[in-house]
Amino acid sequence: MGVSGAGAAVPGSRGGPILIVTGVSGAGKSQALKILEDFGYFCVDNLPTGLVKNFLEMLNKPTNSVPAKVAMGIDIRAQAFLDDLPKVLEEFRLRGYRYRILFLDAGEEVLLRRFSETRHRHPLSARALLDAIRTERVQMTKIKEIADKVIDTSSLTLGELKEAISAFLGVTHEREMNLAVVSFGYKYGLPIDADLIWDVRFLPNPNYIANLKPLTGLDAAVERYVLGSPKAKAFIGQFLRMLRDLIPQYIREGKSYMTMGIGCTGGRHRSVAIARTLAQELRSAGYTVREFHRDSEK
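If you want it as structure tokens, here you go:
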């Protein structure tokens with residue numbers, strides 16, 4: 002076909018090569034794009050062929066808002082893109098852009114299981130599932146043949162996929178966890194974005210102390226009252242020991258963010274004091290921690 006997957010460098014190229022992420026449905030393209038976003042890529046999924054030229058013109062504008070790293074997700078739903086692939090890649094070169102192609106694949110049995118477990122519809126859903134998988138694989142052959150890298154995700158965890166993509170791109174990424182600690186009141190509902198929830202309603206309640214009731218857990222008097230409890234000291238110690246064990250395991254699985262909810266009845270006193278203390282301790286341990294008190298002013 003005479004098309005180089007990596008694309009020759011052209012004078013005037015802006016930033017690094019555009020990364021085209023594609024592959025068979027169910028192989029993990031969506032997860033790969035999320036990983037690339039964590040690596041600082043600006044990701045566009047299933048861009049229609051007719052808009053590619055406009056997209057490249059947008060990238061060529063001399064403005065600080067132009068992303069330095071761009072990834073485009075393409076699958077069988079963008080059939081016109083696949084049909085016009087040589088023309089599209091030629092457009093890249095004419096406009097001074099290099100490109101690389103990452104192709105994600107997986108075995109038939111794995112794909113069948115993934116579609117069964119997720120109940121997602123295959124893009125070629127007019128056919129029986131196995132027939133759709135096999136038909137798509139044939140249709141994707143041309144782009145697979147020119148791919149710079151093919152990753153078989155059949156047996157990969159999310160963390161292993163992240164490492165494989167990192168190795169392909171030649172980038173290093175910090176294996177760290179960004180933490181968020183959120184205090185809340187159960188009477189107002191659970192925080193919907195929390196990965197882990199702890200209930201601290203077993204601690205002494207400042208709400209029943211006249212001079213503490215109008216205050217919040219951000220006030221020193223409430224903090225002293227809550228943290229002065231042996232139960233609070235034991236909880237904080239156990240919590241931190243548990244996180245020291247859990248966080249490295251989460252990181253190995255590819256998790257980059259974790260939100261922890263600390264709840265009491267109204268979200269003004271106990272949960273605020275505990276959340277603030279935990280955030281301070283975690284920062285002291287070297288973690289990046291964001292701290293929110295959702296209901297402290299209610």
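Heads up: the sequence shown is residues 2 to 299, going by this note's numbering. Glycine residues also receive a C-beta, built at the ideal position from the N, C-alpha and C atoms.
- Only residues of its own chain outside the window of five on either side were considered, and among them 29, 32, 33, 36, 152, 154 and 255 have a CB closer than 8 Å to the CB of residue 162, listed in chain order.
- Under DSSP, residue 290 takes part in a beta bridge, and its partners are 180.
- Here the alpha carbons of residue 159 and residue 22 stand approximately 16 Å from one another.
- Runs of alpha helix (DSSP H) with 4 or more residues, each lying fully within the segment 139-208, are found at 142-146 and 159-170, listed in chain order.
- Nearest to residue 97 by alpha-carbon distance, out of 187, 247 and 18, is 18.
- Comparing alpha-carbon positions, the option among 84, 246, 236 and 101 lying closest to residue 150 turns out to be 101.
- Annotated three-state conformation of residue 56 is helix, per DSSP.
- Here the alpha carbons of residue 142 and residue 112 stand approximately 17 Å from one another.
- For residue 210, the three-state secondary structure derived from DSSP is coil.
- In this structure, residue 285 keeps its C-beta atom at 9 Å or more from the C-beta atom of residue 218.
- Residue 187 is a Cβ neighbour of residue 202, given a cutoff of 9 Å.
- Contact between the segment 127-138 and the segment 219-227 is absent, with fewer than three C-beta pairs closer than 8 Å.
- Taking the Cα positions, residue 75 is about 8 Å away from residue 24.
- Assigned with DSSP and collapsed to three states, residue 216 falls in coil, not helix or strand.
- Taking a C-beta distance under 9 Å as the contact criterion, residue 208 and residue 245 do not qualify as a contact pair.
- Shortest Cα-Cα distance from residue 134 to any of 119, 110 and 120 involves 110.
- Residue pairing for residue 228: DSSP places it in no beta bridge.
- For residue 275, the enclosing alpha helix (DSSP H) has its first and last residue at 271-285.
- In the three-state DSSP reduction, residue 241 falls in the helix class (H, G or I).
- With fewer than 16 neighbouring CB atoms inside 10 Å of its own CB, residue 211 falls in the exposed class.
- Around the beta carbon of residue 247, a 10 Å sphere encloses fewer than 16 other beta carbons of the protein chains shown; the residue is thus reported as exposed.
- Secondary structure at residue 136: helix, using DSSP grouped into helix, strand and coil.
- DSSP places residue 76 in no alpha helix (DSSP H); its state is neither H nor E.
- Taking 9 Å as the cut-off, the beta carbon of residue 191 is found no closer than this to the beta carbon of residue 290.
- Listed in chain order, the non-local C-beta contacts of residue 138 below 8 Å within the same chain comprise 25, local neighbours out to five positions each way being set aside.
- In terms of Cα proximity to residue 239, the closest of 271, 253 and 279 is 279.
- When DSSP states are grouped into helix, strand and coil, residue 51 belongs to the helix group.
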